[in-house]
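So the sequence lines, in the order shown, correspond to chains A and B.
The letter at position 30 of the first sequence is residue 212 when you use the working numbering, and the numbering goes up by one with no holes.
The letter at position 256 of the second sequence is residue 356 when you use the working numbering, and the numbering goes up by one with no holes.
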Amino acid sequence: MKERAVVLASKHGLHARPAAELVRLAGRFKSDIKLTKDDITVDAKSIMGVMMLAAECGSEVVITVEGSDEDEAMAAVAEFLETESE
Amino acid sequence: MVDIKAIGQAEVLEGIPASPGIVIGRAFVLDTMRPHVEEEEIPAEHIDAEVESFERAIAETTRELERLRSGLVESLGEEQARIFDAHLMILKDSMVVNGTIQRIRDERQSAAFALTETIGRVTNVMERTEDEYLRERVFDIKDIERRLLLRLLGRKHKTLHHLDDDVIVLAHELAATHTASMHEERVTGFATDLGGRTSHAAIMARSLQIPAVVGLHEATEVIRQGETIIVDGTLGLLVYRYDQAVLDYYLERKRKHEEFERDLLVDKDAPAVTVDGRRFEVAANIEIPDEVRSAMSHGAEGIGLFRTEYLFITGDEIPTEDEQYEAYRGVVSLVSPATVVVRTVDLGGDKFGPMGAPEPEANPFLGWRGIRYSLSQPRLLLRQLRAILRASAHGNVKIMLPMISSLHEVRDAKQVVEAAKQELRARGEEFDADVPLGVMIETPAAAMIAEELAHEVDFFSIGSNDLVQYALAVDRGNDRVAYLYDTFHPAVLRLLERTVRAARKHRRWVGICGEMAGDPLSTLLLVGLGVDELSTVPAVVPEIKSIIRSTSYAYARRVAAKALKMKTGSEVRRYLEQIFRVKFPEISETEMIT
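As structure tokens, then:
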């Protein structure tokens with residue numbers, strides 16, 4: 183299991199379009215990917231979960247990844263969150 | 101204005117009177133048409149079936165959205181269609197699907213209730229955020245929820261049928277699609293937070309002859325689900341938490357109103373002939389075919405406006421030629437030998453069908469709507485014209501084009517009509533080859549070029565709602581500026597006069613089918629201006645006829661001439677009200693208690 187804290191790059195947080203892209207990205211990996219912000223933990227492969235998380239205040243997100251491709255998954259998700267979208 | 105609080109204890113919200121009458125009943129607060137779902141525990145043996153029906157609803161809704169998406173790709177391109185990707189993802193979402201199934205299995209909740217609970221958990225968090233963009237996404241999620249619920253409940257409960265018998269529908273805002281799907285339900289009244297006298301909720305309420313008040317601002321916030329309320333559509337009030345004295349007052353008003361309506365019906369079939377012998381046609385506007393019966397039972401002498409939008413906005417698919425033909429033929433045969441004026445579809449503005457809305461327009465009412473929309477979709481227009489022409493074989497039909505602002509549009513549309521006729525001839529179908537073609541006069545431009553239009557078409561019908569809106573630059577649905585919407589504004593009266601004069605000069609038939617035609621206060625004025633026909637919601641047909649029968653054409657002409665010389669709309673209104681109180685005291689008393 184891997185865990186890493188990242189600071190969201192976009193000042194708008196996780197908008198629906200980026201949220202959908204994040205979910206699609208997460209879906210490419212076999213690993214379980216969870217995101218935690220404040221007290222809420224959600225499945226990164228769930229659009230509803232990601233949108234719910236996006237609604238919470240705070241710009242720091244903890245990524246938790248567990249599975250056979252956890253290194254690649256962590257790198258991809260962290261890069262997505264740390265890069266300004268559009 | 102009657103002071104309800106002087107009669108007894110009550111809370112009163114003031115709005116805009118949209119459809120007269122009084123109804124006392126239980127409030128059903130609509131959450132943008134999200135069906136009402138009650139918590140119920142399901143028997144253990146039903147769990148599998150419940151899960152299955154949920155999965156089926158997901159599959160069907162997915163197909164529905166994929167269809168909408170591919171329609172959007174075709175018309176507007178891939179980029180716009182991506183809006184639906186988030187929708188489709190929600191339908192596949194593990195949190196939604198697994199969360200709901202888990203609730204059904206573990207807590208034995210019905211699929212509908214389990215879904216609202218699951219979704220509510222997410223939307224509750226999202227609604228609290230300050231991010232406006234995300235708050236708007238809640239609307240998308242609720243839209244998906246609504247689509248799923250309609251499928252789930254539709255199969256089991258026939259949507260709203262299992263609700264209380266008599267409900268007064270309270271909504272923030274009612275769109276045409278909402279009112280169309282509510283038609284057969286037991287809705288006894290409407291009250292909405294937004295909207296003006298000519299918003300769709302208001303027009304529909306008058307068609308259905310149920311009392312309505314619009315523009316209440318906060319009704320859906322202060323009224324509790326199931327609370328007993330009074331909708332006073334005559335004065336534009338919503339009364340709640342009232343005592344016996346207020347209730348007694350309203351029961352008495354309700355009785356008087358009903359008595360007055362009954363009296364009018366006695367003479368409903370007598371023609372509208374003035375005391376000096378001039379006959380006027382009084383016809384009815386209908387939105388859906390079911391209303392024909394109500395129109396005929398109120399003594400309407402034909403259908404002056406058959407709106408066809410319902411065919412296009414209520415279903416999932418664009419109606420086929422045969423489906424349209426059946427709908428038009430049904431109305432035409434029922435009304436025959438009287439005439440039905442069928443208006444080609446007036447999509448755009450705030451109404452779009454399964455073909456989907458285009459990218460948002462900054463000014464939809466100045467944009468792609470009416471004839472502009474139809475001419476840009478010639479195959480759709482051709483299909484509708486073929487259907488209307490085929491219906492013309494079964495009675496008297498006139499075809500009318502909406503939103504005309506130039507001669508080019510009329511000429512282009514005439515070519516499409518010709519093409520439709522040729523196709524039908526080639527197929528050997530029957531139709532009336534001389535079916536009259538007319539235009540709506542609803543833009544100031546059309547009124548100004550009425551003479552030129554008279555050369556091109558057989559008849560006019562004045563759509564006063566839009567004509568007023570465009571002439572005065574007032575959004576009729578915006579309750580902040582609705583007070584500026586004034587049918588008696590001198591600019592409006594002069595456009596009316598110009599239109600009628602052009603029609604007279606070229607011996608063209610001219611009707612009026614807007615709200616103004618159904619306002620008893622306007623009747624003398626319109627008759628005096630010299631229109632041939634007044635077409636209105638069915639409920640007021642007897643009243644308009646009775647007003648025409650009790651006046652002389654000579655007098656009405658003097659009234660119109662005098663009104664045309666006045667400088668402001670309020671001056672005209674005061675003048676007409678004064679005449680009205682003297683000439684029609686019984687209507688004044690029931691309709692306009694001031």
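For each residue, glycine too, the CB sits at the ideal point set by N, CA and C.
- At least one CB atom of chain B sits nearer than 8 Å to the CB of residue 227 of chain A.
- With a minimum length of 3 residues, the unbroken runs of beta strand (DSSP E) contained wholly in the segment 481-542 of chain B fall at 496-501 and 537-541.
- Judged by DSSP secondary structure, residue 385 of chain B falls within the beta strand (DSSP E) whose first and last residues are 379-386.
- Within the model, the alpha-carbon separation for residue 185 of chain A versus residue 222 of chain B is close to 25 Å.
- Residue 250 of chain A and residue 216 of chain A have their C-alpha atoms some 15 Å from each other.
- Note on residue 446 of chain B: 16 or more other CB atoms within 10 angstroms of its CB, so buried under the neighbour-count rule.
- Taking a contact as a CB-CB distance under 8 Å, the pair residue 319 of chain B and residue 118 of chain B does not count as one, their CB atoms being some 13 Å apart.
- Along the segment 189-203 of chain B, the positions whose C-beta sits under 7 Å from a C-beta of chain A are 189, 190, 193, 194, 195 and 196, read in chain order.
- Cβ neighbours of residue 209 of chain A within its own chain (closer than 6 Å, five residues either side excluded): 227.
- Within chain B, the residues whose beta carbon sits less than 8 Å from that of residue 205 of chain A are 189, listed in sequence order.
- The beta carbon of residue 185 of chain B sits closer than 8 Å to some beta carbon of chain A.
- With distances taken between CA atoms, residue 194 of chain B lies nearest to A/232 out of A/252, A/232, A/257 and A/263.
- The C-beta of residue 249 of chain A comes no closer than 8 Å to any C-beta of chain B.
- For residue 202 of chain A, the neighbours in chain B by C-beta distance under 8 Å run, in chain order, 185, 186 and 189.
- Rounded to whole angstroms, residue 203 of chain B and residue 214 of chain B show a C-alpha spacing of 6 Å.
- The segment 381-388 of chain B and the segment 629-638 of chain B touch, with no fewer than 3 CB-CB distances between them shorter than 8 Å.
- Along the segment 542-554 of chain B, none of the residues has a CB nearer than 9 Å to a CB of chain A.
- Sixteen is the threshold: since fewer than 16 other Cβ atoms of the shown chains lie within 10 Å of the Cβ of residue 366 of chain B, the residue is exposed.
- Assignment of residue 186 of chain A by DSSP, reduced to helix, strand and coil, places it in the strand class.
- Secondary structure of residue 208 of chain B (DSSP, three-state): coil.
- Rounded to the nearest whole angstrom, the CA to CA distance from residue 667 of chain B to residue 679 of chain B is 18 Å.
- If you draw a straight line from the Cα of residue 625 of chain B to the Cα of residue 376 of chain B, it is about 16 Å long.
- Restricted to the segment 356-436 of chain B, the alpha helix (DSSP H) segments that are unbroken, complete and at least 4 residues in length are 391-397, 409-413 and 421-435, listed in chain order.
- Within a 10 Å sphere around the beta-carbon of residue 466 of chain B sit fewer than 16 other beta-carbons, which makes this residue exposed.
- Annotated three-state conformation of residue 213 of chain B is helix, per DSSP.
- Taking 8 Å as the CB threshold, residue 256 of chain A stays off the interface with chain B.
- Proximity of residue 230 of chain A to chain B, defined by a Cβ-Cβ separation below 8 Å, is satisfied.
- In the DSSP assignment, residue 128 of chain B falls within the beta strand (DSSP E) that extends over 122-130.
- Beyond the five residues adjoining it in sequence on each side, residue 254 of chain A comes within less than 8 Å, by CB distance, of 211 in the same chain, given in chain order.
- Rounded to the nearest whole angstrom, the C-alpha separation of residue 583 of chain B and residue 541 of chain B is 23 Å.
- When secondary structure is reduced to three states using DSSP, residue 227 of chain B falls in the helix class.
- Collapsing the DSSP output to three states places residue 154 of chain B in a helix.
- Per the C-alpha coordinates, the member of B/341, B/530 and B/332 positioned closest to residue 108 of chain B is B/341.
- For residue 592 of chain B, same chain residues with a beta-carbon under 6 Å away, outside a window of 5 residues either side, are 568 and 571 in chain order.
- Boundaries around residue 443 of chain B are those of the beta strand (DSSP E), 439-443, since no alpha helix (DSSP H) includes it.
- Close partners of residue 540 of chain B in chain A (Cβ separation under 9 Å) are lacking, with about 40 Å as the shortest Cβ gap.
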